[in-house]
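Undergrad:
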Amino acid sequence: MMTSDDEVRLAIYRELAEVGRPPSTDDLATAFGVDRDVIDASVERLVAARHLVPDADGALVLAHPFATRNFGFSVMGDRTLWWGGCAWDAFAIPHLVATQPEVLVATTCPACGTPHAWTVTTAGPPAGDQVAHFLTPMAHVWDDVVHACEHQRIFCSTVCVDQWLDRTGHERGAVFDLATLWRLASDWYAGRLDPGYRRREPREAAAYFASVGLVGEFWGTPGS
Numbered sequence: 002m003m004t005s006d007d008e009v010r011l012a013i014y015r016e017l018a019e020v021g022r023p024p025s026t027d028d029l030a031t032a033f034g035v036d037r038d039v040i041d042a043s044v045e046r047l048v049a050a051r052h053l054v055p056d057a058d059g060a061l062v063l064a065h066p067f068a069t070r071n072f073g074f075s076v077m078g079d080r081t082l083w084w085g086g087c088a089w090d091a092f093a094i095p096h097l098v099a100t101q102p103e104v105l106v107a108t109t110c111p112a113c114g115t116p117h118a119w120t121v122t123t124a125g126p127p128a129g130d131q132v133a134h135f136l137t138p139m140a141h142v143w144d145d146v147v148h149a150c151e152h153q154r155i156f157c158s159t160v161c162v163d164q165w166l167d168r169t170g171h172e173r174g175a176v177f178d179l180a181t182l183w184r185l186a187s188d189w190y191a192g193r194l195d196p197g198y199r200r201r202e203p204r205e206a207a208a209y210f211a212s213v214g215l216v217g218e219f220w221g222t223p224g225s
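Residue numbers for the sequence shown follow our numbering, beginning at 2 and rising by one.
This is the structure we're talking about:
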């Protein structure tokens with residue numbers, strides 16, 4: 002029985018969307034009626050194509066917008082609890098998972114530890130004066146995608162962003178409000194749970210960023 006990479010990708014993504022956890026390699030092999038080696042080879046190709054991100058031990062850690070460990074954001078639906086891979090991903094989940102158009106996104110400010118939570122829906126951005134800070138320019142996200150996602154966070158204010166930058170020694174990245182974050186997340190992953198999903202090319206991604214008000218060198222060439 003032939004199994005395509007897209008079928009494996011869909012099985013992983015749809016399981017994450019449904020229950021917040023990915024299927025095991027053995028589960029996939031059983032479901033498709035193939036040897037585990039077939040699934041392993043398919044996963045390797047999906048990693049190379051940037052559909053999946055493993056950790057140092059080869060275990061799946063990111064299948065954007067879903068994560069398999071804590072990246073600073075929990076996303077709670079009516080019956081499913083997810084880890085969001087970053088601020089962007091956490092706000093994207095209700096737009097992608099049609100059965101959960103309203104979720105509770107929770108995080109803490111990286112600078113001062115203040116807890117924050119928002120009801121994020123597909124209807125419009127949540128209220129709040131908090132700001133998102135993305136450390137890594139889009140052209141370099143895939144240099145170390147885990148590091149980049151760990152540093153796409155939400156802060157109490159620009160004051161907390163500056164305090165965190167002073168403490169960590171990082172250079173300032175992109176800072177923007179929750180409404181812009183919501184617009185960025187709203188359609189970025191459209192179609193990812195459907196067959197034949199195609200990741201955006203750099204020009205397409207830059208045009209998308211510009212359409213939600215994010216322009217400049219930081220956003221010029223995408224990374225996710």
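Ideal Cβ placement from N, Cα and C applies to all residues, glycine included.
Beta-carbon within less than 6 Å of Thr-181's beta-carbon, same chain only, minus the 5 sequence neighbours each way: which residues are those?
TA: Within the sequence shown, residue 181 is the residue found at index 180, counting from 1. Gly-214, listed in sequence order.
Undergrad: In this structure, does DSSP put Phe-135 in helix, strand or coil?
TA: Sequence index remark: in the sequence shown, residue 135 carries index 134 (1-based). Correct three-state label for Phe-135: strand.
Undergrad: With a 10 Å radius around its C-beta and 16 neighbouring C-beta atoms as the bar for buried, classify Gly-73 as buried or exposed.
TA: Within the sequence shown, the letter at position 72 stands for residue 73. Flag for Gly-73 reads buried.
Undergrad: Taking the alpha carbon of Ser-5 as the point to measure from, which residue in Thr-108, His-141, Thr-120, Ala-42 has its own alpha carbon closest?
TA: As a working mapping, residue 5 is identified with position 4 in the sequence shown. With distances taken between Cα atoms, Ser-5 lies closest to Ala-42.
Undergrad: Grab the span of the alpha helix (DSSP H) containing Ser-212 for me, first residue to last.
TA: Taking the sequence shown and counting its residues from 1, one reaches residue 212 at position 211. First-last of the alpha helix (DSSP H) with Ser-212: 203–212.
Undergrad: Under a three-way DSSP split, which group does Pro-102 fall into?
TA: The residue given as residue 102 occupies position 101 in the sequence shown. Pro-102 falls in the coil class under three-state DSSP.
Undergrad: Under a Cβ-count criterion, where at least 16 other Cβ atoms within 10 Å of its own Cβ denotes burial, should Asp-167 be classed as buried or exposed?
TA: Within the sequence shown, residue 167 is the residue found at index 166, counting from 1. Exposed, since its Cβ has fewer than 16 Cβ neighbours within 10 Å.
Undergrad: What are the boundary residues of the beta strand (DSSP E) that includes Asp-63?
TA: As a position in the sequence shown, residue 63 is number 62, starting the count at 1. The sequence as given places Leu at residue 63; Asp does not occur at that position. Here the beta strand (DSSP E) through Leu-63 covers 61–64.
Undergrad: Tell me, to the nearest whole angstrom, how far the beta carbon of Cys-150 is from that of Cys-110; I am working on the premise that it is less than 8 Å.
TA: Counting from one through the sequence shown, the residue named residue 150 turns up at place 149. Counting from one through the sequence shown, the residue named residue 110 turns up at place 109. With a Cβ gap of about 17 Å, Cys-150 and Cys-110 do not count as contacting.
Undergrad: Quickly, what does DSSP pair Thr-122 with across the bridge? List them, please.
TA: The sequence position of residue 122 within the sequence shown is 121, counting from 1. Answer is Glu-103.
Undergrad: Assign Pro-102 to one of two classes, buried (16 or more other C-beta atoms within 10 Å of its C-beta) or exposed (fewer than that).
TA: Looking up residue 102 in the sequence shown gives position 101. Classification of Pro-102: exposed, given that the 10 Å Cβ count is below 16.
Undergrad: CB Val-132 to CB Val-104, shorter than 8 Å?
TA: Translated into positions along the sequence shown, residue 132 becomes position 131. Translated into positions along the sequence shown, residue 104 becomes position 103. It is not a contact, given that the beta carbons lie outside the stated cut-off.
Undergrad: If contacts are defined as beta-carbon pairs under 8 Å, then Pro-127 and Leu-179 qualify, I think. What distance do you get, rounded to the angstrom?
TA: On the sequence shown, residue 127 is found 126 positions in, with the first residue counted as 1. On the sequence shown, residue 179 is found 178 positions in, with the first residue counted as 1. Going by Cβ atoms, the distance from Pro-127 to Leu-179 rounds to 6 Å, so yes, they are a contact pair.
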